[in-house]
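Colleague: For the sequence shown, my numbering assigns the number -1 to the initial residue and increments by one for each residue that follows.
Each residue gets a CB set at the ideal place from its N, CA and C atoms; glycine is no exception.
Nothing here was measured: the structure is a model prediction, and the numbers come from that model.
Please find one structure pasted underneath; my questions will follow.
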Amino acid sequence: MRQYSIFLLALIFCMQAESNMALKELQKMLGRRQAYHTVIVNGKIVSRGEFNMTPEHCNLRYNIMKPIMDKYSRSFTLLDIGSAAGYFAIRSAADFDCTAVMMEQNYQPLQKICEANTDLNNLVFLNTRCDVKMLRCLGDCEHFDVIMALNVIHHFEEKWEACLDALMKLGDNLLIETPVKTTTGSVIGSKYLTQLNNAIQKRGGVILGEVPRWSSPKDPARIYHVKCPSKKLRYTRYDTVNPSAARNYPIESNYEEKFMHKKGQKLEWLKGMNLWTFKILNGTFPSTPVLKKSVLDVFKDDYKDFMIWNLILQGNEVKVIDQDEDWHPSARGLKDTLKALEVKPKPGSAINFY
Ligand SMILES: C[S@@+](CC[C@H](N)C(=O)[O-])C[C@H]1O[C@@H](n2cnc3c(N)ncnc32)[C@H](O)[C@@H]1O
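Right under this line is the structure:
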């Protein structure tokens, strides 16, 4: 018992030290500037956010979206596209039994923000700028419960509608925030805002609330909820090279339960995303050493198909799936999985690690 207490204290000490170091590095990176959003690290506000992205403003927006997540009595997966400093995903990760996936490429402090949040074990960061093709591939092989696209669709400019349609195929509940008016003419994609707002409503988008726009507080931004009809996967893994392998894997999901139908079996769906998708989309948090440890932790000699694409990333931990057919003997699969974790991919392209 005493040994266990000492071990636990040592672990807490190490985690604290790791968080402090990441926080120091984050502060150094920010210099005298505030972070993009309010930044919360292990429950404490460490930056109030630039522009008007204050704790009050971020809290107001979060509370408009939270009732959708409150509906879940099961664990779920959230994807925040264009997450910037990650306020919304990180708050959700602290409040819910979810895996919170952030996709962003233009805000490098996010890596340190994830590293500093050592109290959370359910954060994932894809260090990627997505295009429409990537969103479509993602919707073909992953199914998210909540997708946040906050002030990001108009960044796709003339491709805004293709982006909206691809977002609607990513999962069940799409939360969109978008400016309403085109008053700030210099803003990227602003000439599409009226069309975008109309298109969201045409697709069944319900206005959850209106908030002052982050960059120009006099203009409103709307937060919509779109319930998406898409309920199937085409691939069981991110597959950019083999369209002939496309199939139909129906997804059955509600706020209490989630299953995938595959080869006549009804399989329980686990929260998180495929570790293979994480690698292909340049996932950088959790770090490779953390992932290697979690892979070694779940490895068993008698697995029949231990491979990177049969591992579900839930944050700092992975879970093993699909071990009922002999494809990759365990030892070889473990070696290849560890090797694949080392590869630095061109985001969106298949990894060739053989
Ligand atoms: C206006 S900011 C909004 C940040 C945050 N979602 C919010 O509403 O508070 C738009 C963010 O989307 C990111 N972004 C724009 N296009 C993107 C793309 N194609 N893929 C990923 N992120 C993108 C930008 O880097 C930026 O951080």
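Does the Cβ of Val204 have 16 or more other Cβ atoms within 10 Å, making it buried, or fewer, making it exposed?
Modeller: Walking along the sequence shown from the start, residue 204 turns up at place 206. Val204 is exposed by the Cβ-count criterion.
Colleague: Give the DSSP-derived three-state secondary structure of Asp303 in the structure shown.
Modeller: Within the sequence shown, residue 303 is the residue found at index 305, counting from 1. If DSSP states are grouped into helix, strand and coil, Asp303 belongs with the strands.
Colleague: For Leu173 versus His141, is the C-beta spacing smaller than 9 Å?
Modeller: Here residue 173 refers to the residue found at position 175 of the sequence shown. Here residue 141 refers to the residue found at position 143 of the sequence shown. No; because the gap between Cβ atoms is not below 9 Å, this pair is not in contact.
Colleague: So within the segment 271 to 330, which uninterrupted beta strand (DSSP E) runs reach at least 3 residues, ignoring any that extend past its ends?
Modeller: Whole beta strand (DSSP E) segments, 3+ residues: 281 to 283, 309 to 311 and 316 to 318.
Colleague: Looking only at its chain, what residues have a beta carbon closer than 6 Å to the beta carbon of Arg127, apart from the 5 residues adjacent to it on each side?
Modeller: Within the sequence shown, numbered from 1, the residue matching residue 127 stands at position 129. Cβ neighbours of Arg127 beyond the five flanking positions: Gln103.
Colleague: According to DSSP, simplified to helix, strand and coil, what is Asn50?
Modeller: On the sequence shown, residue 50 is found 52 positions in, with the first residue counted as 1. DSSP places Asn50 in coil when its eight states are reduced to three.
Colleague: Whole angstroms are fine: how far does the CA of Gly331 sit from the CA of Ile319?
Modeller: Here residue 319 refers to the residue found at position 321 of the sequence shown. Here residue 331 refers to the residue found at position 333 of the sequence shown. Each residue's alpha carbon lies about 13 Å from the other.
Colleague: Could you check if Ser90 is buried or exposed, using at least 16 other CB atoms within 10 Å of its CB as the buried criterion?
Modeller: Residue 90 sits at position 92 when you count from the first residue of the sequence shown. By the 10 Å Cβ count, Ser90 comes out buried.
Colleague: Just the Cα atoms here: how many angstroms apart are Glu255 and Arg72?
Modeller: The residue given as residue 255 occupies position 257 in the sequence shown. The residue given as residue 72 occupies position 74 in the sequence shown. If you take the alpha carbons of Glu255 and Arg72, they lie about 7 Å apart.
Colleague: Going by alpha carbons, who is nearest to Ser188 out of Ile310, Gly41, Lys157 and Ile249?
Modeller: If you number the sequence shown from 1, residue 188 lands on position 190. For Ser188, the nearest C-alpha among the options comes from Lys157.
Colleague: Just the C-alpha distance for Arg211 and Pro218, rounded to the nearest angstrom, thanks.
Modeller: The residue labelled residue 211 in the question sits at position 213 within the sequence shown. The residue labelled residue 218 in the question sits at position 220 within the sequence shown. When rounded, the distance between both Cα atoms is 5 Å.
Colleague: Count the other CB atoms, across all protein chains shown, that sit within 10 Å of the CB of Met166; report buried if there are 16 or more and exposed otherwise.
Modeller: On the sequence shown, residue 166 is found 168 positions in, with the first residue counted as 1. By the neighbour-count rule (16 or more Cβ atoms within 10 Å), Met166 is buried.
Colleague: Compute the beta-carbon to beta-carbon distance between Phe121 and Ser81, rounded to the nearest angstrom, for a pair I have assumed lies under 8 Å.
Modeller: In the sequence shown, counting from the first residue as 1, residue 121 sits at position 123. In the sequence shown, counting from the first residue as 1, residue 81 sits at position 83. It should be pointed out that residue 121 corresponds to Leu in this sequence rather than to Phe. Not quite, the Cβ-Cβ distance comes to about 11 Å (not below 8 Å), so this is no contact.
Colleague: Less than 7 Å between C-beta atoms, sequence neighbours within five positions excluded: which residues of the same chain meet that for Lys110?
Modeller: Within the sequence shown, the letter at position 112 stands for residue 110. Only Ala20, Glu23, Leu24 and Met27 meet the Cβ criterion.
Colleague: Do Asp78 and Ala98 have their beta-carbon atoms positioned less than 9 Å apart in this structure?
Modeller: Indexing the sequence shown from 1 puts residue 98 at position 100. Indexing the sequence shown from 1 puts residue 78 at position 80. Cβ atoms of Ala98 and Asp78: closer than 9 Å.
Colleague: Can you say whether Lys337 is buried or exposed, counting buried as having 16 or more other CB atoms within 10 angstroms of its CB?
Modeller: The residue you call residue 337 lines up with position 339 of the sequence shown. Answer is exposed; the Cβ neighbour count stays below 16.
Colleague: Please go through the segment 40 to 103 and give each complete beta strand (DSSP E) segment of 3 or more residues, from N-terminal end onward.
Modeller: The segment 40 to 103 contains these whole beta strand (DSSP E) runs: 42 to 45, 74 to 79 and 96 to 101.
Colleague: Per DSSP, what kind of secondary structure is Glu155 in: helix, strand or coil?
Modeller: The residue given as residue 155 occupies position 157 in the sequence shown. Note: Glu155 maps to helix in three-state DSSP.
Colleague: Would you call the CB atoms of Arg232 and Ala244 closer than 9 Å?
Modeller: To locate residue 232, count along the sequence shown from 1; it is residue 234. To locate residue 244, count along the sequence shown from 1; it is residue 246. Yes, these two residues count as a Cβ contact at 9 Å.
Colleague: Buried or exposed: which applies to Asn252, given that a residue is buried once 16 or more other Cβ atoms fall within 10 Å of its Cβ?
Modeller: To locate residue 252, count along the sequence shown from 1; it is residue 254. Asn252 is exposed by the Cβ-count criterion.
Colleague: Less than 8 Å separating the Cβ of Leu173 from some heavy atom of ligand 1?
Modeller: As a first step, residue 173 is located in the sequence shown; it is residue number 175 there, counting from the start. Answer for Leu173: no, Cβ out of range of ligand 1.
Colleague: Please state whether DSSP places Ile38 in a helix, a strand or coil.
Modeller: In the sequence shown, the residue the question calls residue 38 occupies position 40. Here Ile38 sits in strand by DSSP.
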